[in-house]
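For reference, the structure is listed below as structure tokens.
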Amino acid sequence: MTESDPRPDTTVDAGEPTGQRVRPERRSRSTLEESSVLLGDRGTSPARFLIALGIALVLVLSATNVLGVWSLPGQSEARREAQRRAVERKEEERKSAEREVARQEEARKLAEQEEAQRRAEARKITERIETSRKEAEKRASDQEANRLKMVEEKLKAAREAMRRSQESAGKTPVAQPSEPTPLPRHPSLPDRPPPSHAVPSREPEPKPFKPNEIMEQARRSMEEATGKQPYALPPSAAPPSSAPQAIDTPSAPRDASRESIDDIVAKMRKRLDKLSGKSGETDVAARQPPPSATTPNETTRTPASRTDLSSTSCRVDRPHAQVVSACDEVIKRNPDAAEAYFVRGWARNQTREFGLAITDLSRAIELDPSEWRAHAQRGYALHSMRAYERAIEDYSSAIGMRPSDAALYNNRGLSRMMNKDYPAARTDFDKAIEINSRYALALFNRARLNQADGGQTDRAIEDANRAIEINPRMTSALSLRADLLAGKGDHRAAIQDLDMITGLEPRNQLAYVRRARSHVETGAFDKAITDADKAIDIFRRSPEAFVERGRAWEGKGDLQAAIRDYRAAIEIQPGHPDARAHLTRVGEN
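For the sequence shown, my numbering gives the first residue as 8, with consecutive numbering after it.
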């Protein structure tokens, strides 16, 4: 038997009597130890199980207490207080966030109000400047009108005084001072196209082209008109020494607002350059050139019934207002004077009174149906009023009488082009160029036709090149070629043409806008901003200038400045498509 055997030792000592029961030997062990030994023999310990069960129970109770499944009397109140404080803290955070949003919204509205006030102030300043400018222009115009009126009165008084002095001396009245000689056609100028719709020359034979003599005559006339020199009389009609011979004394101070003689001569020189084909026509003149004052290459034709207007101011070489009043007097005396009706209609065409011009020219045609100039002038007036069909009829009538006049074919071709009759317009332009191969205006109009009729860019550029080669100062042809080159993507060449235009016309606002656009396309953003600024200085209500400057700012990375310019363009023209498209593209409404 082992030591752990619980059975008692029943061995009998041999020396003891066999009849006596031997008491078993007991070891001193605790009850727990014995129970453990007994259970250990069976492989299970109840005490350990109970301990583990108690520990698990404590853990479960603790976990459920932490999770809030149950709580002690004091814990429930504390837990509710903590929850209440958490809810209050969240509510306070929410209210603080709402107050911050409200503060930001108020700041935004305040900024918008300030911006609106600044814009309103800027608009008021611009309006005040524009009003001041208009008032200054009106004052200057009134001063110029008064000055001209005074000059005319002095001329009239001087002529009346001379007439009286001659009458008292028994002499014939002094003839009117000669005006600048009409510009004649000369073989040395083959490149000058024959002008149309003009009054034929009164000279039986054309005089040679002498610009210096014309300039000298113009200088003398202008000096006499402005009072700088005494009024010179022809030697054969000199009045007595006692008669007044001067409009104003040479020593009299000249009005500061009066143009100087050099300015007047410069204008006259510019006019001579234009007549001789050295200067370019403006866009309006290129679209439909007004008829010139004379037709140098026209054969003299003076019907017997034609009224002699040489002794009156009803002539095409007089100021337009003076022409109208003088022709009124002639018509009162002779209601059937076809020439007077024609000259008055011509003058009203020059002042853009096309309705009155058509009335006068129709009367001239009624009195003299063979007057081709009246048909041509009425065609010009009808074209200007967009009555293209009737203009074509009048030009055709004039061409029937003068089939070799290149300008008539050019003008009829222009009316046909505006009427969308491109094949007939091309035929007319080709005929005008066939008659005069150096007719720059017909080449320019055919270039416009090539651009409009199917976008024949290369042919249009070729015609524009020829027109510019003939007349390098023709800004309308330079402008057209710049558009064509920019359309082909050759912006550098377009910029060269626009440089020439701004050199010839420093106040051409559209040229600066277009050059700014080409600078943006080539990446020269600083130059684009400079050109846009010049365009805005010339005309502050130009949405295109603001759009191009905005594109330049955007190219430089200044998005806020770009948005400001786009919005300025929309403020000027609310429906401007380019400005709206750019604002939408950058994420602004």
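Virtual Cβ for every residue (Gly too), placed ideally from N, Cα, C.
Thinking residue 343 and residue 374 are a contact (beta carbons under 8 Å), I'd like their distance in whole angstroms, please.
-> The beta-carbon separation of residue 343 and residue 374, rounded to 6 Å, stays under the 8 Å limit for a contact.
Grouping DSSP H, G and I as helix and E and B as strand, with all else coil, what is residue 546?
-> Coil at residue 546, not helix or strand.
Span of the alpha helix (DSSP H) holding residue 429?
-> For residue 429, the uninterrupted alpha helix (DSSP H) run begins and ends at 429-442, by DSSP.
Taking 9 Å as the cut-off, decide whether the C-beta atoms of residue 559 and residue 585 are in contact.
-> Taking 9 Å as the Cβ cut-off, residue 559 and residue 585 do not qualify as a contacting pair.
Candidates 415, 411, 372: closest to residue 387 by CA position | The residue with the shortest Cα to Cα distance from residue 387 is 415.
Spatial neighbours of residue 356 in its chain, beta-carbon cut-off 7 Å, leaving aside the 5 residues before and after | Same-chain partners within the cutoff: 297, 364, 384, 387, 388.
Would the beta-carbon of residue 480 fall within 9 Å of that of residue 511?
-> Against a cut-off of 9 Å, the Cβ pair of residue 511 and residue 480 comes out as a contact.
Look at the Cβ atom of residue 451, then the Cβ atom of residue 483, and state whether they are nearer than 9 Å.
-> Note that the C-beta distance between residue 451 and residue 483 is below 9 Å.
Relative to the ligand SAM, is the shortest distance from any of its heavy atoms to the C-beta of residue 478 smaller than 8 Å?
-> Ligands in the displayed structure: none, and consequently the ligand SAM is not present.
Where do the ends of the alpha helix (DSSP H) carrying residue 458 lie?
-> If you look at residue 458, you'll find it in the alpha helix (DSSP H) that goes 447-459.
Counting along the chain, where does the alpha helix (DSSP H) carrying residue 514 start and finish?
-> For residue 514, no alpha helix (DSSP H) encloses it, and the DSSP letter there is neither H nor E.
Same chain, Cβ closer than 6 Å to residue 572, neighbours up to 5 away in sequence not counted | Within the same chain, residue 572 has close Cβ partners 553, 556, 557.
Cα separation between residue 285 and residue 150?
-> Bear in mind that the predicted position of residue 285 carries a pLDDT of just 41, short of 50, making it unreliable; the figure below should be weighed with that in mind. A straight line joining the alpha-carbon of residue 285 with that of residue 150 spans about 33 Å.
Residue from 325, 567, 341, 434 whose Cα sits closest to the Cα of residue 353 = Comparing Cα-Cα distances from residue 353 to each of 325, 567, 341, 434, the minimum goes to 325.
Whose C-alpha, out of 395, 92, 72, is nearest the C-alpha of residue 422?
-> Checked all of 395, 92, 72; the closest Cα to residue 422 is 395.
Exposure label - residue 103; buried when at least 16 CB within 10 Å | So residue 103 ends up on the exposed side.
Indicate whether residue 468 and residue 492 have their beta-carbon atoms separated by less than 9 Å.
-> For residue 468 and residue 492, yes; Cβs fall inside 9 Å.
Does the beta-carbon of residue 401 have 16 or more other beta-carbons within 10 angstroms, so that it is buried, or is it exposed?
-> Counting C-beta atoms within 10 angstroms of its own C-beta, residue 401 has 16 or more neighbours from the protein chains shown and is therefore classed as buried.
Can you tell which of 362, 327, 333 has the C-alpha that lies nearest to the C-alpha of residue 317?
-> Among 362, 327, 333, the Cα nearest to that of residue 317 belongs to 333.
Got a sec? Which residues, its chain only, sit under 8 Å from residue 464 by beta carbon, not counting five neighbours each side?
-> The residues are 457, 458, 491, 494, 495.
Rounded separation between residue 362 and residue 569 - CA only | Going from the Cα of residue 362 to the Cα of residue 569 covers about 47 Å.
Taking C-alpha atoms, which residue in 536, 447, 486 lies nearest to residue 413?
-> Sorting 536, 447, 486 by C-alpha distance to the C-alpha of residue 413 places 447 at the top.
Apply the 10 Å Cβ neighbour rule to residue 454 and answer buried if 16 or more other Cβ atoms are within range, or exposed otherwise.
-> Around the C-beta of residue 454, 16 or more other C-beta atoms lie within 10 Å, and the residue is accordingly described as buried.
Complete alpha helix (DSSP H) runs within the segment 344-368 (minimum length 4 residues, chain order) = If we require 4 residues or more, the alpha helix (DSSP H) runs fully inside the segment 344-368 come out as 345-357.
On the three-state DSSP scale, how would you describe residue 330?
-> Here residue 330 sits in helix by DSSP.
Whose C-alpha, out of 379, 359, 358, 329, is nearest the C-alpha of residue 345?
-> The residue with the shortest Cα to Cα distance from residue 345 is 379.
Which residues in the same chain as residue 498 place their Cβ atom closer than 7 Å to its Cβ, once the five residues preceding and following it in sequence are excluded?
-> Spatial neighbours of residue 498 in its own chain (CB-CB distance under 7 Å, excluding positions within 5 residues in sequence) are listed in chain order as 525, 528, 529.
Starting from the C-beta of residue 541, find all residues in its chain whose C-beta is less than 6 Å away, skip the five residues before and the five after it, and write them out in chain order.
-> Cβ neighbours of residue 541 beyond the five flanking positions: 519.
Distance between residue 398 and residue 320 (C-alpha atoms, nearest Å) = CA-CA distance, residue 320 to residue 398, rounds to 29 Å.
Can the beta-carbon of residue 431 be found less than 9 Å from the beta-carbon of residue 420?
-> Their beta carbons are under 9 Å apart, which means residue 431 touches residue 420 by this criterion.
C-alpha distance - residue 445 paired with residue 434, whole-angstrom precision | A straight-line Cα-Cα distance of about 17 Å links residue 445 and residue 434.
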